[in-house]
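Trainee:
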Amino acid sequence: MNIILLTVDALRFDHLSLYDYEVSTFPKLEPLNDESAHFTRTFSVSSHTREAVPGLLTGQFPDEAVSEGYHLDTETVAEPLRDAGYQTGAFHSNPFSSRAYGFDDSFDTFDDDLYLGNSKLIALAQRLWDKIRNEHYVRAAEINRRSLSWIDNLDREPFFLWNHYMDAHGPYEPPETIFKSVHNISKPDINTRKLHRRSINNPESITPQEREQLIELYDAEIRYVHKHISTFLEALEDRDLLASSLVIITADHGEGFGENGYYSHPRYLHDDLTHVPLIVSGPELPSGTYDAPVSTLDIVPTILQAAKETGSEGFPGMSLQNITTNSESMTDRVVFSQTRGEDDESELIRYSARTADDMASLVWDTTDDTFEIRDETSDSTLREALHSHASERNKTTARSAEPDELSSDVKERLEVLGYRE
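Right, here's the structure in full:
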């Protein structure tokens with residue numbers, strides 16, 4: 001069985017029209033028809049790429065998945081798959097998931113659109129090309145082209161493919177045709193990059209009109225991603241690969257639009273940042289809609305079980321196939337998220353716990369080993385579960401929030417994406 005993981009950066013669950021959002025952003029993916037499982041209460045293990053993607057690809061909590069400077073410290077799912085005979089490929093352009101952070105290990109082909117490790121002349125050419133095309137990440141259409149070319153040139157199966165789409169990540173710059181098709185108006189004539197940066201650095205300055213513009217641009221980007229995920233699935237169907245493959249579609253984290261006093265995706269654990277979509281299609285997975293709480297940590301056990309490997313052994317998550325089989329008994333399941341602080345909050349670790357109907361969070365101060373429950377819940381059992389989980393996680397070695405020295409091309413892309421000043 002081939003395994004295909006499609007992740008979208010910064011895609012929040014409640015902005016998908018598939019789940020009753022009022023704007024037509026993400027309707028049903030026709031190539032999947034009704035042969036897919038929808039998990040409506042999926043929570044990312046963290047709220048930003050540096051901890052969310054490592055958790056998603058390794059199946060481990062971020063404090064185990066990454067080491068100093070957020071370098072990958074645990075094998076990704078690609079390693080046991082490659083050992084089992086899978087050909088492995090990854091296609092994306094997020095610098096935080098690039099070879100600069102060790103993500104290329106165990107991938108036979110790893111295309112992160114960066115020329116790291118090559119000559120300075122090539123690196124300069126890379127930055128010049130970014131400026132000429134006025135894009136600092138690879139659009140979904142190009143990710144599709146590269147990954148499909150890789151599939152077409154494989155000499156055998158099975159394969160594991162990971163595509164990560166950056167289009168819903170700020171600054172939001174959807175094509176004019178897509179924006180007009182979604183909103184039936186022309187795209188606003190504004191400097192989206194300056195507005196995006198100001199929304200991060202000075203959220204109080206964003207007017208109601210500017211907030212609405214940001215949301216409209218974001219929604220149009222989601223529709224653009226939907227279009228190209230659909231195109232990709234159709235291409236798999238044309239190659240007679242779709243029906244026999246495990247296809248997982250999800251996001252690393254969500255995106256904030258002022259609901260909790262911030263924009264983009266800082267280090268908090270509110271639902272706008274952690275509640276993500278999860279759609280799974282595979283010959284051994286029952287279709288339907290499932291409301292039991294699940295985590296992005298459940299993805300690796302699901303993949304390994306489908307590949308007839310180790311299943312959920314040694315992972316905090318569990319296979320989604322087991323969840324669908326026992327969905328009625330999973331309503332009381334608790335899933336956890338976490339994120340380290342940054343800058344003046346670098347000694348803090350935030351934890352959250354969620355059931356199907358409730359949520360609790362706490363902040364742990366590693367300087368004096370104290371904690372404070374921030375979100376009250378009447379469920380004492382949930383609060384106790386959260387405290388127990390945080391206590392256990394906090395026994396791990398504290399990680400540095402300071403990244404290692406990065407190459408100039410990585411720095412420039414991070415600046416455009418709003419990660420650096």
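Residue numbers for the sequence shown follow UniProt numbering, beginning at 1 and rising by one.
Every residue gets a Cβ at the ideal spot worked out from N, C-alpha and C, and that includes glycine.
1. Could you round the C-beta distance between Gln213 and Pro188 to whole angstroms and report it? I think they count as a contact, below 8 Å.
2. Using DSSP with H/G/I as helix, E/B as strand and the rest coil, what is Val53?
3. Could you pull the start and end residues of the beta strand (DSSP E) that Tyr179 belongs to?
4. Rounded to the nearest angstrom, what separates Ser186 and Pro208 at their Cα positions?
5. One question on the structure: do Asp272 and Gly261 come within less than 9 Å of each other, judged by their Cβ atoms?
6. Leaving aside the five residues before and after Ala220 along the sequence, list all residues of the same chain whose C-beta is less than 6 Å from its C-beta, in chain order.
7. Taking 9 Å as the threshold (C-beta atoms), are Ile3 and Leu81 in contact?
8. Glu342 and Pro277 - do their beta-carbons sit closer together than 9 Å?
9. Would you tell me roughly how many angstroms separate the C-alpha atoms of Ser295 and Gly59, rounded to the nearest one?
10. What's the gap between the Cα of Pro203 and the Cα of Gln305?
11. Check whether the Cβ atoms of Arg146 and Phe96 lie closer than 9 Å to each other.
12. By DSSP's criteria, Gly261 is part of a beta bridge. Which residues make up the other side?
13. Here's the rule: buried if 16 or more other CB atoms are within 10 angstroms of the residue's CB, otherwise exposed. What is Glu372?
14. Given that a residue counts as buried once 16 or more other Cβ atoms are within 10 Å of its Cβ, and exposed if not, what is Ser106?
15. When the distance is taken between beta carbons, is His38 closer than 9 Å to Ile279?
16. Enumerated in chain order, which unbroken segments of the beta strand (DSSP E) with a length of 3 residues or greater are wholly contained in the stretch 315 to 342?
17. How big is the Cα-Cα spacing for Tyr165 and Asp112?
18. For Ser400, which of helix, strand or coil comes out of DSSP?
19. State the Cα-Cα distance for the pair Thr192 and Arg211, rounded to the nearest angstrom.
20. Judging by CA-CA distance, which residue of Asn394, Arg354, Leu161 is the nearest neighbour of Asp368?
21. With DSSP as the reference, label residue 425 as helix, strand or coil.
22. Assuming the contact rule is C-beta atoms closer than 8 Å, Thr289 and Thr40 should be a hit. Round their C-beta distance to whole Å, please.
23. Can you tell me where the alpha helix (DSSP H) holding Val300 begins and where it ends?
Mentor: According to the data block:
1. 5 Å
2. helix
3. Going by the sequence as given, residue 179 is Phe instead of Tyr. Phe179 -> not in any beta strand (DSSP E); alpha helix (DSSP H) instead, spanning 176 to 183.
4. 19 Å
5. no
6. Pro174, Ile178, Phe179, Val182
7. yes
8. no
9. 10 Å
10. 44 Å
11. no
12. Paired residue(s): none; Gly261 is not in a bridge.
13. exposed
14. buried
15. yes
16. 335 to 340
17. 11 Å
18. For Ser400, the predicted model reports a pLDDT of 43, less than 50, meaning its position is unreliable and no value from the coordinates is stated.
19. 12 Å
20. Asn394
21. Outside the shown range of the chain (1 to 421) lies residue 425, about which nothing can therefore be said.
22. 6 Å
23. 299 to 306
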